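These notes are about the structure you will find just below.
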Amino acid sequence: MTDKNIKMAAASAVGGVTRRTVVAGIGAAGIVAGTSPFSIVRAAGGPLKVGVLLPRSGVQAGIGQDCQRGVEVAAPILKELGLPELQIMNGDTESNEQTARAQAEKLIGDGAQLLVGAFDSGQSAAIAQVAEQKGIPFVINIAAAPQITEQGYKYVFRNFPTAVTILTDAFKQQLEIFKQVGSAPKSVVFLHVNDTFGSAMAGGIGKVMPKFDMPYKVAETIAYDRAARDLSVEIAKAKATGGDALLVVSRLNDAILLTRELVKQRWTPEAILSMGPGWYEDQYFKTLGKLSDGPISFVPWYDPKKKLSETLKAAMKKAYPDVNMNTNHVYTFEALLVAADAYKRAGTGNSKELTEAVRSTNITDNVSIGEGIRFNAKGQNDTVGDASIQNVGGELVVVAPEKAAVAKAVWPMPPYDKR
Amino acid sequence: MIARLTDGLPPRALALLAAFAVVMAVAPFFASDYVLSVLIISLYFAFVGQAWNLMLGFAGQLSLGHALFVGIGAYTSAALFTHFGVSPWAGVIAAVALSTLMGCVIGYLGFRFSIRGVYFALLTIAFAEFTGIMVDNSAWLGGSAGLFLPVKNAGSIDFLNLRGPPILFYYLILILTGGALVLCRFLLNSKLGLYWQAIRDDQEAAEAAGVPLFRYKMIAVAISSALTGIAGVWYAFYYNNLFPESTFATGRSVELILGTVVGGVGTLFGPILGALILTPLGELLTELTSGLQIDGIKTFFWGFCVVAIVLFRPSGVWPWLAGLLKLDGRSANGGGR
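Residue numbers (this note's numbering), protein chains in the order written: chain A, 1 to 419; chain B, 1001 to 1337.
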């Protein structure tokens, strides 16, 4: 999960968004309609033109380009699933809402029949307006601000958990893990980066946590500077509290600094529970090697037990051997999966019929955590959720929820000095 | 008053201005939706650039935090509309009042304590940054999760609540840009404008000549922040969502002033021309580089073009173009106003 998404989670959790009940999908309509000869004939009219809008330059360039990997590997998988071909039209939002809006107009002007994107909530919201005005379906790959699907749009769909879901699942799954391992920390130290993201997260956690009967107390909350080059004081302070575990909201650089400091000060907490980025990223593994083992992160993720996850993972491994499959790839791919599935069932690129087909999506053979992909009346998939992933031997292992877990959590963390 | 506005302008300039106004007025009937959206963004930058130009180009006070006033205007009107259903036409009054007040606070601190030049610019950045952090931590304003305006009936025009298709926002920003041009021309040709220019050109000399520096600099900041606050209201209702991280960012402030720098700081038509160069240039480069499949290549070329323009036309494109078209009028100093 990206820091932006978690940030959305924290802040919006304060608002206490009420989610509506799921509108029942049209049963197996997707499969039935998709395989009917009539549908195939109509869909065979040509590939569906899909405008993919991602921040491939600007401050979010790295993330946008990572999402693009999910696009690059999609075609053969969709073909294997018997889905119609997509003609991808790329648009760079340049990490900017104004450009995102203009690019959406451009792609639609160039013939895009469906839009996908745009990772960032602000950019996605800007695109959503254009899609709505033009009556073009827009499938959001990643963006967690709940309000996007609460604004009353008819053409906007999102198969990504909202911010509230992300935070709620994090605490729910902590309880599940405690039960699974038969142990739980009695006190935690909450360490968070002291910028707007970290502060918003701290606020959100403060609102959501009391709703759960957590077995631990927060012994101390320690905020640290984002640009800190040394976190020895913070770790010393945390260690001195006698806390059993660390609850952290950090980014990549400080996650590495914190780990190095834990090693240096010879303190291995029972667990590191992360509700932010950093601890599951490729660079964390590459930099720390075996010292990267142990942390558990709570993120929207793929379900390793699903068949399509294996397919996507294999395709990713083949195309990008040095990259671990992550949220960006999964949800971008799934947005295209929704597009292709809807096109197959609609049998036409006509925006109205295509939108209705997207609305009646009921994909059970998918990749991400949750029951599948289907949208409620507001266009939100409210069955999609988080996973708890633990770093084990350089791999990311799903340890909760139970339905998706492939291993039990390693608890407590292996001591740093015995690795 | 009209005579005062047109005084000193050659007939050729007036004719070109009229032709430009007509082209802009009828443009939506010929432009595609995409081109219309590019024109809308260009005009927005032209309007804000004009407001910023008033402060630096006319009165010599450098602000690098003008996103602050856009943000205050945007958040004030959006919050009033979202929480209380207040029409933006009423909300704009509160928005202008608040952004002007903030401008005056910054101006007071800067001018009373003789904070000048880059230090004054730093002061404006600091105010933008801490206001952004305050909004980021305000649940009422949506915090970092953003403030979203309801967008129902996107296809129909609800003029009272500024809800409607892009063409509504096009004409609104066109009127605002035209109005700002007329206002700036009027101010520049008044005693106020002369005082500002005196302050800009040599503050000490102006003071020695009896120009009350503090008062006139405060007036410049107040008008500039008020106009920028209005732009914020337009921005909020056009984009329908606000995020403190991007709204108040220093990068956004730089974006707002770039058109004016390219067009010509201190000229009346520079901000408009600069905005009409930079935004379409960006889109043109997107088109030209899309086949290259190299992420960020467009931004590279765009930066290259901006550097080239600044290198070859250090005073901005408008003074050069105005000279070329013989639109200079009576004032050599204000070439091409």
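Note that the Cβ used here is the ideal one computed from N, Cα and C, for glycine as well.
Owing to the predicted nature of the structure, the values given are computational and were not obtained by experimental measurement.
Among the options, nearest to residue i - alpha-carbon criterion
{"i": "A/Thr361", "options": "A/Leu78, A/Leu175, A/Arg345 and A/Ser368", "result": "A/Arg345"}
{"i": "A/Phe298", "options": "A/Gly289, A/Glu97, A/Gly278 and A/Leu308", "result": "A/Gly278"}
{"i": "A/Lys273", "options": "A/Gln174, A/Glu72, A/Gln129 and A/Ala131", "result": "The residue you asked about is not Lys; residue 273 of chain A is Leu in the sequence shown. If we check each option's Cα against that of A/Leu273, A/Gln174 comes out closest."}
{"i": "A/Thr355", "options": "A/Gly182, A/Pro47, A/Glu132 and A/Ile363", "result": "A/Glu132"}
{"i": "A/Phe375", "options": "A/Thr383, A/Ser368 and A/Ala126", "result": "A/Thr383"}
{"i": "B/Thr1177", "options": "B/Ala1015, B/Leu1016, B/Ala1025 and B/Arg1004", "result": "B/Ala1025"}
{"i": "B/Leu1194", "options": "B/Val1048, B/Val1023, B/Gly1060 and B/Tyr1044", "result": "B/Gly1060"}
{"i": "A/Pro185", "options": "A/Thr221, A/Leu246, A/Ala144 and A/Gln151", "result": "A/Leu246"}
{"i": "B/Gly1263", "options": "B/Ala1249, B/Val1307, B/Ala1226 and B/Gln1293", "result": "B/Val1307"}
{"i": "A/His192", "options": "A/Ile127, A/Arg419, A/Ala315 and A/Val248", "result": "A/Val248"}
{"i": "A/Gly372", "options": "A/Gln68, A/Val188, A/Val181 and A/Val338", "result": "A/Val338"}
{"i": "A/Ala400", "options": "A/Ala102, A/Gly393, A/Ala409 and A/Val392", "result": "A/Ala409"}
Proximal residues of chain B, C-beta to C-beta of residue i below 7 Å
{"i": "A/Glu105", "result": "Asp1033, Tyr1034 and Ser1037"}
{"i": "A/Ser309", "result": "Ordered by position in chain B, no residue passes the 7 Å Cβ test against A/Ser309, which lies about 27 Å from the chain."}
{"i": "A/Glu94", "result": "Thr1299"}
{"i": "A/Glu97", "result": "Tyr1239 and Ser1246"}
Buried or exposed (CB count within 10 angstroms, at least 16 for buried), residue i
{"i": "A/Lys481", "result": "Because chain A in this structure spans residues 1 to 419, residue 481 of chain A falls outside the shown range and cannot be described."}
{"i": "A/Lys350", "result": "According to the sequence provided, residue 350 of chain A is Asn. The question's Lys does not apply to it. Per the 10 Å Cβ criterion, exposed."}
{"i": "A/Lys207", "result": "buried"}
{"i": "B/Leu1324", "result": "exposed"}
{"i": "B/Tyr1119", "result": "exposed"}
{"i": "A/Trp411", "result": "buried"}
{"i": "A/Lys307", "result": "exposed"}
{"i": "B/Ala1208", "result": "exposed"}
{"i": "B/Ala1013", "result": "buried"}
{"i": "A/Ala33", "result": "Low confidence applies here, because A/Ala33 scores a pLDDT of 36, under 50, leaving its location unreliable and the question unanswered by this model."}
{"i": "A/Val50", "result": "buried"}
{"i": "B/Pro1011", "result": "exposed"}
{"i": "A/Gln283", "result": "exposed"}
{"i": "A/Glu281", "result": "buried"}
{"i": "A/Pro37", "result": "In this prediction, A/Pro37 has a pLDDT of 34, which is less than 50 and means its spatial position is unreliable; nothing more can be read from the coordinates."}
{"i": "B/Phe1045", "result": "buried"}
{"i": "A/Glu80", "result": "exposed"}
Proximal chain B residues relative to residue i, where beta-carbon distance stays under 8 Å
{"i": "A/Ser199", "result": "Asp1136 and Asn1137"}
{"i": "A/Ile224", "result": "For the sequence presented, residue 224 of chain A should be read as Tyr rather than Ile. Per Cβ cutoff of 8 Å: no residues; A/Tyr224 is ~17 Å from chain B at best."}
{"i": "A/Tyr153", "result": "Val1151"}
{"i": "A/Gly109", "result": "Ser1032, Asp1033 and Tyr1034"}
{"i": "A/Ala420", "result": "A question about residue 420 of chain A goes unanswered here, because the residues of chain A that appear run from 1 up to 419."}
Where residue i falls: helix, strand or coil (DSSP)
{"i": "A/Ala28", "result": "Residue placement at A/Ala28 is flagged as unreliable, the pLDDT there being 33, under the threshold of 50; the coordinate-derived value follows with that caveat. DSSP places A/Ala28 in coil when its eight states are reduced to three."}
{"i": "A/Ala9", "result": "Unreliable positioning characterises A/Ala9 in this predicted model, as indicated by a pLDDT of 44, which lies under 50. The coordinate reading is nonetheless provided below. In the structure shown, A/Ala9 sits in a helix (DSSP, three-state: H, G or I)."}
{"i": "B/Ile1115", "result": "coil"}
{"i": "B/Gly1323", "result": "helix"}
{"i": "A/Asn381", "result": "coil"}
{"i": "A/Lys403", "result": "coil"}
{"i": "B/Gly1057", "result": "helix"}
{"i": "B/Asn1137", "result": "coil"}
{"i": "B/Phe1069", "result": "helix"}
{"i": "B/Ile1157", "result": "coil"}
{"i": "B/Phe1300", "result": "helix"}
{"i": "A/Lys408", "result": "coil"}
{"i": "A/Phe375", "result": "coil"}
{"i": "B/Ser1315", "result": "coil"}
{"i": "B/Leu1288", "result": "helix"}
{"i": "B/Ser1077", "result": "helix"}
Partners in chain A for residue i, counting only beta-carbon separations shorter than 9 Å
{"i": "B/Phe1148", "result": "Ala125, Ala145, Gln147, Ile148, Glu150 and Gln151"}
{"i": "B/Ser1156", "result": "Per Cβ cutoff of 9 Å: no residues; B/Ser1156 is ~11 Å from chain A at best."}
Within chain A, the residues that residue i reaches when beta carbons sit closer than 8 Å
{"i": "B/Thr1228", "result": "Within 8 Å Cβ-Cβ: nothing; B/Thr1228 doesn't reach chain A, min ~16 Å."}
{"i": "B/Glu1283", "result": "Ala102 and Lys106"}
Closer than 9 Å at the beta carbon, the chain B residues around residue i
{"i": "A/Ala163", "result": "Ala1145"}
{"i": "A/Glu72", "result": "Simply none; closest approach about 11 Å."}
{"i": "A/Arg56", "result": "Asp1295 and Gly1296"}
{"i": "A/Ser121", "result": "Ala1145, Gly1146, Asn1241 and Phe1243"}
Chain-ordered chain A contacts of residue i [CB-CB under 7 Å]
{"i": "B/Ile1041", "result": "Gln98 and Ala102"}
Where in the stretch 201-288 of chain A do unbroken runs of the beta strand (DSSP E), each at least 3 residues long, occur, reported from the N-terminal end onward?
Listed in chain order, the beta strand (DSSP E) elements of length 3 or more contained wholly in the stretch 201-288 of chain A are 217-224, 245-249 and 271-274.
Mind pulling the alpha helix (DSSP H) runs of 4 or more residues that sit fully within the stretch 297-367 of chain A?
307-319, 327-346 and 351-359, all fully within the stretch 297-367 of chain A.
Output the residue ranges of the alpha helix (DSSP H) runs that lie fully inside the stretch 1237-1283 of chain B and measure 4 residues or longer, sorted by chain position.
1244-1247 and 1250-1263
Kindly provide the ranges of any alpha helix (DSSP H) runs that are 4 or more residues long and lie completely inside the stretch 1001-1044 of chain B, ordered along the chain.
Uninterrupted alpha helix (DSSP H) stretches at least 4 residues long and entirely within the stretch 1001-1044 of chain B occur at 1002-1006 and 1011-1030, given in chain order.
Which runs of the beta strand (DSSP E) at least 3 residues long sit entirely within the stretch 80-122 of chain A? Give them in chain order.
Entirely contained in the stretch 80-122 of chain A, the beta strand (DSSP E) runs reaching 3 residues are, in chain order, 86-92 and 114-117.
Within the stretch 124-185 of chain A, note down every full beta strand (DSSP E) run reaching 3 residues or more, in order along the chain.
138-140 and 156-158
Could you tell me which uninterrupted beta strand (DSSP E) segments, each at least 3 residues in length, are contained entirely in the stretch 1167-1214 of chain B, listed from first to last along the chain?
Within the stretch 1167-1214 of chain B, no complete beta strand (DSSP E) run reaches 3 residues.
What ranges does the beta strand (DSSP E) occupy inside the stretch 1080-1126 of chain B, keeping only unbroken runs of at least 3 residues that lie completely in it?
Counting only runs of 3 or more, we get nothing.
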